[in-house]
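Worksheet: one structure, shown below.
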Amino acid sequence: MSNSLEQYLNLYRDLSATVDQGSAPALNRLRGEAFDVLSGTRLPNRSDEGFEKTSIDDMFAPDFGLNISRINIPVDLAASFRCDVPNLSTLMGVVANDKFIPTDTLLRNLPEGVTVMSLTKAAIERPDEIAQAYGSVAPITNPGVALNTLFAQDGVYIRIGRGVRIDKPIQIVNIFSSATPLMAARRVLIVAEEDSQANILFCDHSRNDGSKYLSSQVVEIILHRGAAVQYFDIEESSADTSRYCQMFVDQHEASSFKSNSSTLLNGSTRNEFNVNINGQHCSTGLYGMAIASNKQHIDNSSNVVHCAPRSTSNQLFKYVLDDNASGAFEGNIEVTPNAPFTEAYQSNNNIIASTDARMYTKPQLLIYNDEVKCSHGATTGQLNAEALFYMQARGIPQAEARTMLMQAFMIDVINTVTLESLRDRLRHLVEKRFDNTLACPTCKGC
Amino acid sequence: MKDSNKNNNQASSEEEKNRSKEEPKSGQTNSDQIIDDVTNGEYKYGFVSDIETEIIPAGLNEDVIRLISSKKGEPEWLLEFRLKAYRHWLTLEQPTWAHLNIPEIDFQAISYYAAPVKKEGPKLLDEVDPELLRTFDRLGIPLEEQKVLSGMAVDAVMDSASVKTTHREKLAELGIIFCSFSEAVKDYPDLVRKYLGKVVSYRDNFYAALNSAVFSDGSFVYIPKGVRCPMELSTYFRINSSGTGQFERTLIVADDDAYVSYLEGCTAPMRDENQLHAAIVEIIVENRAEVKYSTVQNWYAGDAEGRGGIYNFVTKRGLCRGDHSKLSWTQVETGSAITWKYPSCILSGENSIGEFYSVAVTRNRQQADTGTKMIHTGRNSRSTIVSKGISAGHSENSYRGLVKIAANADGCRNHTQCDSLLLGSHCGAHTFPYVEVLNESAIVEHEATTSKISEDQLFYCNQRGIPTEEAVALIVNGYAKEVMNKLPMEFAVEAQRLLEISLEGSVG
């Protein structure tokens, strides 16, 4: 059986010095271990439980370029303006391929106690801080994490100081732009200190010029006691973009974490959400929305592990699949024996809008404790024919009626976004997505 | 445990009841005490019958398979089938994907054939080995003539061989064939050959391949066109000899417009060793026919420390081949140390219906990974899944199910509901549903809940003068009712009793 890791291992063997040179010691520290892990394994493929519908091995098999020697690839920043959220001023930074570029507004307006900077720069300026947190949540034994660790040379470092609450969202725009097929090992490290609060928004874009892109993304989030973080992730990339995003969250006592992930345009995407609840009275919300047409493939996998008593978690994922699109959802709730009085809920609802679209769903519960309230539900179906008829009978054309119903279907995921302007923006994006005008002519690169 | 009988059991449960009423352990609430009691119920079918048995030496190779085949006087094609299966089995590995901790099984240490020594075929009941009759008596099986009145045809399978089939003449009048598998091979080779392995191929999985290679007996049922079987058909399985496994095979064919309700029960003696039970059930349902298959599985489950017990690795599958055909699985699973079982329906006929109703109770160190597969390939096919898991003690109880709607199957409908009830804080209840929808017109729903018996419900009962103990019984019974209601009357009573014994001490 082919092993797509071979090419990466060979590359690292040949160029490990160059990789180290383009980064910082605090990040280089883990590369040796990552290499050892990868030498004895392979990336998961369809024969592995949990990866039946998305082969990571195939995703990483093509020959992508990696910008190891840190060549400055000119990046079209105009794409970032697509992410302009009206009535919402954000602290914006851009990750061009895998290089972090702060904007002027970010540098000027960053409040005291808040850090948003290049991970490499942070690793040079504050090595102890990074050494302590980097790789502490994402297990290096995971092949995807190990591969990312092996090649991650830069990334985003966000730290919210103790007791700091920022109203202004922090926005990071990931842009892919290259003339040749390119892979980016993106790394995000977020530390929310005690009683801090922040909203963080990530947007993924690809220049739609036929180049193939592959994003390997590992996000580590540490929430200390009482911290509250809302994490939004909107993917509007291209049909030639593959994304493997693994999020690892470590929650301490009384912290609150909410993730809202929307996949609107993409090629092939696998998102993993891993949340470990290690303290009492935590709340966790994982929400996801996927709208797919053509040959888009979206696979969301969540794993919420309750390791401490009296916490609640809630998951809601919704999919609308059209044309030849395929969707997969695997949700898992694990309640360990140490976590009595847990409340954990999970729900997955899907609409299949065409004959060739397909949906695979696998909601799971692993309960080792009797003092729990847990449930999950999953539905797959189509738009209500009666509702469609009702609207048509009142003069609404079928296409429009369908769009309206689909939008209505998505509304409860959109409504979990508490930032009003972002919620409006998301609603607008979904509307455009259903009108097929999301990749609109006014934007560059269409 | 030879002497344990129902009266003793009742007495001991009575004692326990009193004890729990009088002196609840300090630091424990009354309901904790009751839940503790749940894990201490005893197995009442744990006796061994002294029946002369012929056992072949342990081990598995082609010669053993030839020996089994020759002992049964089988035709050449069946031996070929066995050998093909065996050769395929050699290429397979034991599956590890289930949420089970299966100790290593030495397949060479098992004897693959054990049968009560047959004297010249008994014609009347009097001629059947009286010890055998006593065995079935103890099991409460209506095998004896006096119970013929209860109107049930029984095929009893002890260890590997079918020992007695009742009511055959009456059924034959209607053209119904109900006999042991080996008789069917002799008397109706064409029918057997036509259907054997058509639903569960020997290539299907590890245990199916093993069964196909070494299966010794089982039941064969054929209901001809337009016949409604007037009585419940029933099979009792019992493993008696030590060091053996049981590998029976059931094949049910319901021709056009036929109807049959089939019941299956299983028990085994208490032993420190683990015994393997790897069966195959194949069902074929033709146009407008209906088959109802009910199981009350009560294999020995091992003691409180998890010593001994049966490994129940069974492949059950039905093919709803005809339009408007219907297959309904109902199971009450209380026994076995480890259960690995997914009775499935392939709904390939238009408007065909598949149903699965299950209550699975695990306690002590029992492990169960059970559920169903509903594979919709026919248009407008519908399926319903209701699964109720109850875990107690240190047991692990998992539901694992697949609902698949094929691309060409328009208008399919599925509703799945699986609930888990946890009694005690050391047990686990898990749910692994797989839903694969490849067609836009399908409506598929899945819902699952996990909780313990709600304090509110207990309080409500207490408030109305129902002691906690009875309230627990009431709630558990109510919880399982939806499935129990689907069992045929004769079985419902037994299943109810079984559930009570399983939850011994908590049921008044």
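The listed protein sequences correspond, in order, to chains A and B. Start counting the first sequence at 0; every next residue gets the next number (numbering that gives the first Met the number 0). Start counting the second sequence at 0; every next residue gets the next number (numbering that gives the first Met the number 0). Ideal placement from N, C-alpha and C gives every residue a C-beta, glycine not left out.
In whole angstroms, give me the CA-to-CA distance for residue i and residue j.
{"i": "Ala277 (chain B)", "j": "Glu399 (chain A)", "result": "56 angstroms"}
{"i": "Ile366 (chain A)", "j": "Leu285 (chain A)", "result": "19 angstroms"}
{"i": "Ala391 (chain B)", "j": "Gly305 (chain B)", "result": "13 angstroms"}
{"i": "Leu326 (chain B)", "j": "Thr415 (chain B)", "result": "16 angstroms"}
{"i": "Gln229 (chain A)", "j": "Ile276 (chain A)", "result": "16 angstroms"}
{"i": "Ile384 (chain B)", "j": "Gly427 (chain B)", "result": "21 angstroms"}
{"i": "His425 (chain B)", "j": "Val371 (chain A)", "result": "13 angstroms"}
{"i": "Trp328 (chain B)", "j": "Gly400 (chain B)", "result": "14 angstroms"}
{"i": "Gly397 (chain B)", "j": "Asn435 (chain A)", "result": "The sequence given here has Ser at residue 397 (chain B), not Gly. Roughly 43 angstroms separates the two Cα atoms."}
{"i": "Thr449 (chain B)", "j": "Tyr187 (chain B)", "result": "48 angstroms"}
{"i": "Ser149 (chain B)", "j": "Leu232 (chain B)", "result": "For Ser149 (chain B), the predicted structure reports a pLDDT of 42, less than 50, and the residue's modelled location is therefore unreliable. A value from the coordinates is still provided. Roughly 12 angstroms separates the two Cα atoms."}
{"i": "Lys169 (chain B)", "j": "Cys178 (chain B)", "result": "13 angstroms"}
{"i": "Val172 (chain A)", "j": "Leu425 (chain A)", "result": "16 angstroms"}
{"i": "Lys83 (chain B)", "j": "Val63 (chain B)", "result": "14 angstroms"}
{"i": "Phe433 (chain A)", "j": "Gln152 (chain A)", "result": "37 angstroms"}
{"i": "His429 (chain B)", "j": "Ser68 (chain A)", "result": "48 angstroms"}
{"i": "Gly225 (chain B)", "j": "Val482 (chain B)", "result": "28 angstroms"}
{"i": "Tyr344 (chain A)", "j": "Ile123 (chain A)", "result": "42 angstroms"}
{"i": "Thr38 (chain B)", "j": "Arg362 (chain B)", "result": "Residue placement at Thr38 (chain B) cannot be trusted, given a pLDDT of 47 that sits under 50; what the coordinates show is reported in the next sentence. Cα to Cα, the separation comes out at about 6 angstroms."}
{"i": "Pro101 (chain A)", "j": "Val94 (chain A)", "result": "8 angstroms"}
{"i": "Ser335 (chain B)", "j": "Phe312 (chain B)", "result": "10 angstroms"}
With burial defined as no fewer than 16 other Cβ atoms inside 10 Å of the residue's Cβ, what is the status of residue i: buried or exposed?
{"i": "Pro61 (chain A)", "result": "exposed"}
{"i": "Pro308 (chain A)", "result": "buried"}
{"i": "Ile175 (chain B)", "result": "buried"}
{"i": "Trp76 (chain B)", "result": "exposed"}
{"i": "Phe388 (chain A)", "result": "exposed"}
{"i": "His204 (chain A)", "result": "buried"}
{"i": "Lys403 (chain B)", "result": "buried"}
{"i": "Ala184 (chain A)", "result": "buried"}
{"i": "Phe246 (chain B)", "result": "buried"}
{"i": "Trp96 (chain B)", "result": "exposed"}
{"i": "Ile70 (chain A)", "result": "exposed"}
{"i": "Phe458 (chain B)", "result": "exposed"}
{"i": "Lys508 (chain B)", "result": "With chain B represented from 0 up to 507, any question about residue 508 (chain B) goes unanswered, as that position is not in the structure."}
Note down, in chain order, every chain B residue with its Cβ under 8 angstroms from the Cβ of residue i.
{"i": "Thr354 (chain A)", "result": "Ala406, Asn438 and Glu439"}
{"i": "Gln314 (chain A)", "result": "Within chain B, no residue comes near Gln314 (chain A); the closest Cβ sits about 13 angstroms away, beyond 8 angstroms."}
{"i": "Ala400 (chain A)", "result": "What Ala400 (chain A) touches in chain B: nothing, since even the nearest Cβ is about 17 angstroms away."}
{"i": "Ile366 (chain A)", "result": "Ser419, Leu421, Gly427, Ala428, His429 and Thr449"}
{"i": "Ser374 (chain A)", "result": "Glu446, Ala447, Thr448 and Thr449"}
I'd like to know whether the C-beta atoms of residue i and residue j end up nearer to each other than 7 angstroms.
{"i": "Leu250 (chain B)", "j": "Tyr194 (chain B)", "result": "yes"}
{"i": "Tyr292 (chain B)", "j": "Tyr258 (chain B)", "result": "no"}
{"i": "Ala57 (chain B)", "j": "Ala113 (chain B)", "result": "no"}
{"i": "Asn350 (chain B)", "j": "His393 (chain B)", "result": "no"}
{"i": "Pro110 (chain A)", "j": "Ile165 (chain A)", "result": "yes"}
{"i": "Met288 (chain A)", "j": "Lys317 (chain A)", "result": "yes"}
{"i": "His375 (chain B)", "j": "Cys411 (chain B)", "result": "yes"}
{"i": "Tyr212 (chain A)", "j": "Thr179 (chain A)", "result": "no"}
{"i": "Ala208 (chain B)", "j": "His87 (chain B)", "result": "yes"}
Using a C-beta to C-beta distance shorter than 9 angstroms, which residues of chain A count as neighbours of residue i?
{"i": "Gly334 (chain B)", "result": "Here the premise fails: no neighbours, minimum Cβ distance about 22 angstroms."}
{"i": "Tyr433 (chain B)", "result": "Glu51, Tyr359, Thr360 and Lys361"}
Pull up the DSSP beta-bridge partners for residue i, would you.
{"i": "Trp328 (chain B)", "result": "B:Tyr292 and B:Phe355"}
{"i": "His98 (chain B)", "result": "The partner list for His98 (chain B) (beta bridge, DSSP) is empty, contrary to what the question assumes."}
{"i": "Gln245 (chain B)", "result": "B:His276"}
{"i": "Ala183 (chain A)", "result": "A:Ser214"}
{"i": "Leu449 (chain A)", "result": "Residue 449 (chain A) falls outside the range modelled here, since chain A spans only 0 to 445, and no answer is possible."}
{"i": "Trp339 (chain B)", "result": "B:Phe312 and B:Asp368"}
Taking 7 angstroms as the threshold (beta carbon to beta carbon), is residue i in contact with chain E?
{"i": "Cys306 (chain A)", "result": "Of the protein chains in this structure, namely A and B, none is chain E."}
Determine the chain B residues that contact residue i at a beta-carbon separation under 7 angstroms, and present them in chain order.
{"i": "Thr17 (chain A)", "result": "By Cβ distance, chain B contributes nothing, its closest Cβ being about 42 angstroms from Thr17 (chain A), past 7 angstroms."}
{"i": "Ile351 (chain A)", "result": "Val436 and Glu439"}
Name, please, each residue of chain A whose Cβ falls closer than 7 angstroms to the Cβ of residue i.
{"i": "Lys185 (chain B)", "result": "None at all; the shortest Cβ gap to chain A is about 43 angstroms."}
{"i": "Gly392 (chain B)", "result": "Correct list: empty, because the minimum Cβ distance to chain A is about 11 angstroms."}
{"i": "Glu349 (chain B)", "result": "Under the 7 angstroms cutoff, chain A gives no residues; its nearest Cβ is about 18 angstroms from Glu349 (chain B)."}
{"i": "Ile442 (chain B)", "result": "Gly380"}
{"i": "Glu468 (chain B)", "result": "By Cβ distance, chain A contributes nothing, its closest Cβ being about 18 angstroms from Glu468 (chain B), past 7 angstroms."}
Find the residues of chain A that neighbour residue i, judging by a C-beta separation of less than 8 angstroms, and give them in chain order.
{"i": "Lys340 (chain B)", "result": "What Lys340 (chain B) touches in chain A: nothing, since even the nearest Cβ is about 19 angstroms away."}
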